[in-house]
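Scroll down for the structure; my scribbles are underneath it.
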Amino acid sequence: MKTLKQIFLILMVVSVFSCKETTLEEKIVPETITEIRNDIEKVEPPNWWIGFKNQDVQLLVKHPNIGKATAKISYAGVSLKKSHQADSPNYLFLDVVVSETAKAGKFNIKFQFENDSELLQTYELKSREKSAEDYIGFDSSDAIYLITPDRFANANPNNDEVNGLLQQGIDRADDYARHGGDIQGITDHLDYIEDLGFTAVWPCPVLINDMPRGSYHGYAMTDFYRVDPRFGTLEEYRKLSDKLRSRDMKLIMDQVANHCGLYHWWMEDLPFNDWVNDQENYEENIDNWDWKVTKTSNHRRTTNQDPYASKIDHKEMADGWFVSSMPDLNQRNQFMANYIIQNSIWWVETLGLGGIRQDTYPYPDKAFMSNWAGAIMNEYPNFSIVGEEWSYNPLLIGYWQDGKKNKDGYESNLKSTMDFAMQKHIVDALNEEESWDQGLVKMYEGLANDFAYTSPKGIMAFLDNHDKSRVFTEFNGDVTNTKMALSYLLMLPRIPQIYYGTEILMDDFDNPGDHGLIRTDFPGGWHGDSVNAFTGEGLSVEQKDMQSFLKQVLNYRKTSEAIHNGKTKHFSPENGIYVLARISDSETVVHIINKNESPQELDLSRFEELGLNGKSLKNITSGENKIWNNSLKLNTKGSLILTTKF
Numbered sequence: 192m193k194t195l196k197q198i199f200l201i202l203m204v205v206s207v208f209s210c211k212e213t214t215l216e217e218k219i220v221p222e223t224i225t226e227i228r229n230d231i232e233k234v235e236p237p238n239w240w241i242g243f244k245n246q247d248v249q250l251l252v253k254h255p256n257i258g259k260a261t262a263k264i265s266y267a268g269v270s271l272k273k274s275h276q277a278d279s280p281n282y283l284f285l286d287v288v289v290s291e292t293a294k295a296g297k298f299n300i301k302f303q304f305e306n307d308s309e310l311l312q313t314y315e316l317k318s319r320e321k322s323a324e325d326y327i328g329f330d331s332s333d334a335i336y337l338i339t340p341d342r343f344a345n346a347n348p349n350n351d352e353v354n355g356l357l358q359q360g361i362d363r364a365d366d367y368a369r370h371g372g373d374i375q376g377i378t379d380h381l382d383y384i385e386d387l388g389f390t391a392v393w394p395c396p397v398l399i400n401d402m403p404r405g406s407y408h409g410y411a412m413t414d415f416y417r418v419d420p421r422f423g424t425l426e427e428y429r430k431l432s433d434k435l436r437s438r439d440m441k442l443i444m445d446q447v448a449n450h451c452g453l454y455h456w457w458m459e460d461l462p463f464n465d466w467v468n469d470q471e472n473y474e475e476n477i478d479n480w481d482w483k484v485t486k487t488s489n490h491r492r493t494t495n496q497d498p499y500a501s502k503i504d505h506k507e508m509a510d511g512w513f514v515s516s517m518p519d520l521n522q523r524n525q526f527m528a529n530y531i532i533q534n535s536i537w538w539v540e541t542l543g544l545g546g547i548r549q550d551t552y553p554y555p556d557k558a559f560m561s562n563w564a565g566a567i568m569n570e571y572p573n574f575s576i577v578g579e580e581w582s583y584n585p586l587l588i589g590y591w592q593d594g595k596k597n598k599d600g601y602e603s604n605l606k607s608t609m610d611f612a613m614q615k616h617i618v619d620a621l622n623e624e625e626s627w628d629q630g631l632v633k634m635y636e637g638l639a640n641d642f643a644y645t646s647p648k649g650i651m652a653f654l655d656n657h658d659k660s661r662v663f664t665e666f667n668g669d670v671t672n673t674k675m676a677l678s679y680l681l682m683l684p685r686i687p688q689i690y691y692g693t694e695i696l697m698d699d700f701d702n703p704g705d706h707g708l709i710r711t712d713f714p715g716g717w718h719g720d721s722v723n724a725f726t727g728e729g730l731s732v733e734q735k736d737m738q739s740f741l742k743q744v745l746n747y748r749k750t751s752e753a754i755h756n757g758k759t760k761h762f763s764p765e766n767g768i769y770v771l772a773r774i775s776d777s778e779t780v781v782h783i784i785n786k787n788e789s790p791q792e793l794d795l796s797r798f799e800e801l802g803l804n805g806k807s808l809k810n811i812t813s814g815e816n817k818i819w820n821n822s823l824k825l826n827t828k829g830s831l832i833l834t835t836k837f
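The C-terminal residue of the sequence shown carries number 837 in the numbering used here, and the numbering is unbroken.
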């Protein structure tokens, strides 16, 4: 009997605790949203997702005196770990955990004040549209088309001018004014871009630059979560990405972690006393702020690697502002660091991106940049990021690539960097007269530097971009040299990037190197243009020929495994001729550059190790077949691309 009583008591205790557990579970069942409330001025990120490896997300909350409020969240699978007050009373930072049990849905964040007043903000967790593994980045099989959106095509004149913004109107006669190009202008011409043979599109930034001047280029963001309405809407940005993806093409987003625009909304009320670098100097001189009082970067990027660099040199490089109109963000502030990382992930997820191009890569805190790239690649293992290292030294370019065994132990987590060194080698090689140490040997020795790279085919190579003089200008209007440079670029173990208009020989002859002129309007992108490069109307014979040439090479490259992933073999230039081969199990592609004006007979015995003797090869631009025997006749100056694949 005593035993039965004990069993009964045990069962009662278990029952009581079971009820308590059930009650606790019931308390965190998702609340029913009876109304959508947006009492708070700003919450960023504006939404988040379930299912990330990293379950933490930090919300920036901006509202008058919000720092005095107590925040509460009641939603299953979501917990508020900690609230952080900022130096400004108008900010609150919330550390939120989104566990694996959280479901997609909306819930209200409650902000309770001491006087018992309450504010509500509805927040949404979304389901992810595809798995993390399906975010496939760009690689050596891709060819990237770089566009300055304001100068490519104006599909919607109705958004040319937006009331309330600091810079108004368009003026196509002014190289530094807005011209009206937009996101829809890119989307509407995807047929043209795809037909040329490109597989990825990289537009310069389209986030809002609400600046009084120079707002067209996009690199002075004034809100990291808002598309510039003069470029279009978030829906149009998503549509561009979706349309590209439907064509098996990729959208690469141009991002900036180093700086923002001087008129960014937070510059009127900075959250912390160290939110931007040199903040005290800025706040002291805010009423007379200009380049004279700005402590700009010394731009000595080598201080990132230099074992002898002084602390002051590195500090001036990393902490100085890029220019007076671009505040330098302090990534050593952990709240800023979290903000930038989450912003990048938000855009990857929102747009379904195929890659990120990160501006001015060596300028931010380099430990942060490692964490930034690592956080993205941790969530998206097949993704790609390229960083801009504007250096002609391959040692500096290679330093930033993931897997590099750096002497200082630095690990970047960055797949790709930009090959400014190769750009210079190609231009010098084709412009210089041939001699022992001049001319084509610059290309040859430039490619020989690939031993400095962890993965040469992961490096992004180019001939011109939005910051450098047009390559046709660099070749002094020489069409043949431009063709040779482009064909060589597209044969290299690299990820090639070509700037819009290069295919029609756009130039900046009137003022070489001038940024406004480099970013000239693409003919045919505006109603009433007398020349239309999209249709060919009004183009010169040379322009049409270059367009056709590039189209042939790019489209061949699309399916060439030898070019994408093959081994590389090249032979030192002799007599103004340079031979490079790309070799796979199924194909050999041979690229021959001939700088001679008169016909040449190329002795093929020197290239015996390629194993081509007696084989038939096809010229990929003319379709003509050639037998690889004793010699090869080169009738004209230019490039010749031969393949064993028929």
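For every residue, glycine included, the Cβ atom is placed at its ideal position computed from N, Cα and C.
According to DSSP, residues forming a beta bridge with residue 278: Beta-bridge analysis with DSSP links residue 278 to no other residue.
Residue from 261, 374, 734, 745 with nearest C-alpha to residue 394: 374
Contiguous beta strand (DSSP E) assignments of at least 3 residues, all confined to the region 380 to 445: 391 to 394
CA-to-CA distance, residue 266 to residue 699, given in whole angstroms: 58 angstroms
Within 7 angstroms, strictly: CB atoms of residue 696 and residue 654: no
Residue(s) in a DSSP beta bridge with residue 688: 335, 653
Residues that residue 526 bridges to, as DSSP identifies them: DSSP lists no partner for residue 526.
Simplified DSSP state of residue 533, which is helix, strand or coil: helix
Rounded straight-line distance, which links the Cα of residue 630 to that of residue 790: 19 angstroms
Three-way DSSP call (helix, strand, coil) for residue 820 in this model: coil
Neighbour-count burial assignment, residue 217, 16 or more Cβ in a 10 Å radius: Since pLDDT at residue 217 reaches only 35, below the 50 mark, its modelled position is unreliable, and no value is offered.
Rounded separation between residue 752 and residue 652 - CA only: 18 angstroms
Proximity to residue 582 [Cα-Cα], best of 559, 543, 659: 659
Between the CA atoms of residue 473 and residue 426 - distance to the nearest angstrom: 36 angstroms
For residue 830, the residue or residues it bridges with in DSSP: 784
Ordered list of beta strand (DSSP E) runs contained in the region 564 to 650, each at least 3 residues: 576 to 578, 607 to 610
Residues near residue 824 in its chain [Cβ-Cβ closer than 8 angstroms; skip 5 each side]: 790, 791, 792, 793
Distance between residue 276 and residue 215 (C-alpha atoms, nearest Å): Unreliable positioning characterises residue 215 in this predicted model, as indicated by a pLDDT of 32, which lies under 50. The coordinate reading is nonetheless provided below. The alpha-carbon atoms of residue 215 and residue 276 are separated by roughly 30 angstroms.
Buried or exposed by the 16-neighbour rule on C-beta atoms within 10 Å, applied to residue 450: buried
Sequence-distant residues of its chain with Cβ nearer than 6 angstroms to residue 213 (five each side left out): Low confidence applies here, because residue 213 scores a pLDDT of 32, under 50, leaving its location unreliable; read the following figure in that light. Same-chain partners within the cutoff: there are none.
Own chain partners of residue 198 with C-beta closer than 7 angstroms, once the 5 adjacent residues on each side are dropped: With a pLDDT of 39 at residue 198, under the threshold of 50, the modelled position of this residue cannot be trusted; read the value that follows with caution. So the list is empty, once near-sequence residues are dropped.
Reduced DSSP category for residue 348 - H, G, I as helix; E, B as strand; rest coil: helix
Residues near residue 613 in its chain [Cβ-Cβ closer than 6 angstroms; skip 5 each side]: Closer than 6 angstroms at Cβ, skipping near neighbours: 637, 652.
DSSP beta-bridge partners of residue 769: 784
For residue 514 and residue 487, believed in contact at Cβ under 8 angstroms, the rounded distance: 7 angstroms
Rounded separation between residue 647 and residue 615 - CA only: 17 angstroms
Length of the line joining the Cα atoms of residue 596 and residue 408: 36 angstroms
DSSP three-state assignment for residue 561, whether helix, strand or coil: helix
Opening and closing residue of the beta strand (DSSP E) in which residue 296 lies: 296 to 303
Residue 359 classed as buried or exposed, judged by whether at least 16 other C-beta atoms fall within 10 angstroms: Exposed.
Where the alpha helix (DSSP H) containing residue 807 begins and where it ends: Premise fails: residue 807 lies in the beta strand (DSSP E), 807 to 810, not in any alpha helix (DSSP H).
Residue environment, residue 304, which counts as buried when at least 16 other CB atoms sit within 10 Å: exposed
Assumed close pair residue 397, residue 340 - CB separation to whole angstroms, cut-off 8 angstroms: About 6 angstroms separates the Cβ atoms of residue 397 and residue 340, confirming a contact at the 8 angstroms cut-off.
For residue 247: DSSP bridge partner residues: 288
First through last residue of the alpha helix (DSSP H) which encompasses residue 509: 502 to 510
Beta-carbon proximity check, residue 381 vs residue 434, cutoff 7 angstroms: yes
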